[in-house]
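**Q** In the numbering used here, the protein residues as written are 1084 to 1162. No residue lacks a Cβ here, since even glycine has one placed at the ideal position from N, Cα and C.
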C-alpha cells in the first residue's frame, strides 16, 4: 500500500525514499505534483516486479528503475 502523497506546499523540495530530490525551486507546483505522481507510480511498479520475482529485482530491472527515476528527476519522461 502506498501512503497518500505529501502536500507539496509543505516543502519546496520533495525527497523520495532513496534521497533523490524530485523537484527544485524552479519547478511549478503542477510539475512537482506530476513528478511526485510518477515517482509513486514507479515505486509501485518496482514493488510489483519484486513481488513477482521473490522479493528481488534482476540487474536489468534495477537498471530500468534507475533510468526511470533519473527521467523523473530530470523531467525527461520515459515512454
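Would you be able to state if there are at least three C-beta pairs under 8 Å between the region 1115-1130 and the region 1143-1154?
**A** Enough Cβ pairs lie closer than 8 Å, so yes.
**Q** Excluding sequence positions up to five away, which residues of its chain have a Cβ less than 7 Å from the Cβ of residue 1144?
**A** For residue 1144, where only same-chain residues beyond five positions count, the Cβ hits under 7 Å are 1132.
**Q** Round the Cβ separation of residue 1122 and residue 1155 to the nearest angstrom and send it over; I've been treating them as touching at under 8 Å.
**A** The Cβ separation is near 5 Å, so the contact holds.
**Q** Rounded to a whole number of angstroms, what is the C-alpha to C-alpha distance between residue 1116 and residue 1136?
**A** Computed Cα separation, rounded: 30 Å.
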